[in-house]
């Protein structure tokens with residue numbers, strides 16, 4: 002879809018969030034006309050859009066068939082489900098429906114790396130970005146993480162690294178030769194997808210048209226079902242074959258390997274937790290695909306400590322370690338965190354969890370909870386669902402808020418324990434997002450220990 006083609010189209014942008022505005026900015030820059038539609042009666046960015054594009058037609062409120070009049074292209078924001086009746090009707094009428102990803106891939110003049118997965122994709126995307134920058138490449142990092150992808154476009158950019166959600170991948174038909182990675186698949190967004198199979202199918206779209214694929218050989222759902230890629234790389238916790246990445250143990254110390262080449266000890270990696278070792282392997286595999294130097298990638302692993310609210314160590318108080326994994330918004334992420342910090346010798350994790358369950362089943366936490374949890378402290382809208390899944394294997398406490406959950410955990414923990422916030426749920430029942438939830442947790446942990454965090458930008462009260 003060339004720029005010259007786009008300027009001839011009758012385009013409507015669905016959604017006025019960050020993605021919708023980035024699409025408008027791109028279309029405006031190339032001289033294409035467009036209109037806006039948003040199902041909210043008072044979108045947060047309405048005044049901003051009116052100020053930026055005063056002559057643009059804007060429709061707000063429930064989507065109606067009238068939006069489709071004289072339209073032949075819809076650019077839909079990822080937060081809008083393709084099951085919307087107006088989009089179903091547009092499909093029946095033969096109106097083309099795309100996302101910002103299709104626009105980006107056509108416009109990008111530098112190589113593209115695309116990363117998805119139920120968990121870990123933000124960490125791997127950022128880590129690979131740091132590796133690329135350490136290699137001297139002018140790199141644009143964004144997509145589902147941080148900067149909308151169309152805002153990354155720059156003629157001087159040498160490499161783009163994108164985090165992609167399943168929502169962004171639903172409409173993908175061709176990655177146009179990108180290097181792509183599917184980290185893992187576990188149930189998520191089951192309030193949008195009819196089954197794990199339909200969610201997985203959206204994720205698997207990332208392989209379409211890829212030049213190199215990177216997958217998790219210990220997660221069969223990540224294996225490319227069909228691909229014309231010229232190279233297939235895998236990563237995993239076992240010893241790898243040539244051309245792949247994994248782990249081997251020498252004198253009771255685990256080392257990362259590329260084929261038979263020993264790279265780095267897990268003890269020398271700044272990120273902590275077993276799940277982050279997998280993230281490091283994925284980043285190394287992707288780095289090898291785009292020919293980054295091993296020396297510079299390993300230097301990055303020695304200093305990159307991970308992202309805020311992703312298994313972030315907050316404090317050790319009275320020999321109790323407090324971990325903020327507020328980004329653990331689904332069962333798979335929480336399972337990875339529990340197993341990543343779990344001790345084989347004792348049950349010493351106090352798990353704080355709860356929020357909006359997004360239609361998930363929490364039974365998959367039961368085995369790890371029985372092996373590693375000292376107790377669960379649950380709060381929020383769907384705490385009762387988690388309690389139902391876990392109360393047969395571990396003691397459960399209920400709290401009215403995250404703040405009070407931290408109080409319960411502090412009263413219960415003893416020296417050597419780990420208090421882990423990994424909610425397995427979305428945060429929107431009580432918070433504006435996982436960031437605010439994590440900040441609230443940190444504040445509650447540190448407030449009575451003389452180490453208050455800066456709360457000037459904290460948002461709603463904890």
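Residue numbers (our numbering): 2 to 463. Every residue gets a Cβ at the ideal spot worked out from N, C-alpha and C, and that includes glycine.
Check	Outcome
Closest by C-alpha distance to residue 416, when choosing among 428, 317, 424	317
Cβ-based burial, residue 52 [other Cβ within 10 Å; buried from 16]	exposed
Same chain only: Cβ atoms within 6 Å of residue 44, ignoring 5 sequence neighbours per side	17
Length-filtered (3 minimum) beta strand (DSSP E) runs lying within the segment 47-75	59-61
Within 8 Å, strictly: CB atoms of residue 1 and residue 406	Residue 1 lies beyond the residue range present for the chain, which begins at 2 and ends at 463; the question has no answer from this structure.
Distance, residue 232 Cα to residue 460 Cα	Any reading at residue 460 must be qualified, since the residue scores a pLDDT of 31, below 50, and its modelled position is unreliable; the value itself is stated next. Computed Cα separation, rounded: 47 Å.
Every unbroken beta strand (DSSP E) inside the segment 180-231 [3 residues or more]	180-183, 213-217
Reference residue 237; option with closest CA among 251, 228, 257	257
Same chain, Cβ closer than 8 Å to residue 140, five either side skipped, listed in chain order	130, 133, 134, 158, 159, 160, 161, 162
Burial state of residue 148 (16 or more Cβ within 10 Å)	exposed
Contact check, residue 351 vs residue 376, beta carbons under 8 Å	yes
Beta-carbon contacts of residue 395 that lie in its chain and below 7 Å, excluding the five residues immediately before and after	370, 371, 374, 376, 377
Closer than 8 Å to chain B by CB, residue 240	No chain B is part of this structure, which consists of one protein chain only.
Collapsed DSSP secondary structure at residue 10 in the structure displayed	coil
Those runs of the beta strand (DSSP E) which lie wholly inside the segment 257-299 and span at least 3 residues	262-266
Residue 22 in three-state terms, based on DSSP	helix
Best match in 204, 61, 56 for proximity to residue 46 [C-alpha to C-alpha]	61
Option nearest residue 323 by Cα separation, candidates 440, 211, 388	440
Which listed residue (321, 276, 362) has its alpha carbon closest to that of residue 411	321
Residue 35: first and last residue of the uninterrupted beta strand (DSSP E) it sits in	35-39
Buried or exposed by the 16-neighbour rule on C-beta atoms within 10 Å, applied to residue 145	buried
Best match in 264, 310, 308 for proximity to residue 294 [C-alpha to C-alpha]	264
Anticipated Cβ contact below 8 Å, residue 98 with residue 108, distance rounded	Their Cβ separation, rounded to whole angstroms, is 18 Å, which puts residue 98 and residue 108 out of contact at 8 Å.
Assumed close pair residue 234, residue 245 - CB separation to whole angstroms, cut-off 8 Å	6 Å
With 16 other Cβ atoms within 10 Å as the buried cut-off, status of residue 418	buried
Pick from 73, 368, 156, 383 that is closest to residue 95, judged by C-alpha positions	73
Test item: CB-CB of residue 384 and residue 120 under 8 Å	no
Proximity to residue 86 [Cα-Cα], best of 103, 104, 102, 65	65
Residue burial classification, residue 360 (beta-carbon count within 10 angstroms, cutoff 16)	exposed
One or two residues paired with residue 537 in a DSSP bridge	Summary: the structure shown does not reach residue 537, with the chain confined to residues 2 through 463, and so no result is reported for it.
Residue 342: first and last residue of the uninterrupted alpha helix (DSSP H) it sits in	332-342
Other residues of its chain near residue 340: CB distance less than 8 Å, five sequence neighbours each side excluded	275, 276, 369, 373
Classification of residue 390 by the beta-carbon crowding that lies within 10 angstroms, buried from 16 upward	buried
Those residues which DSSP pairs with residue 376 across a bridge	351, 396
Presumed contact (8 Å Cβ cut-off) between residue 125 and residue 184, rounded CB distance	6 Å
Nearest-angstrom beta carbon gap, residue 83 and residue 176 [assumed within contact, 8 Å]	About 19 Å; that fails the 8 Å criterion.
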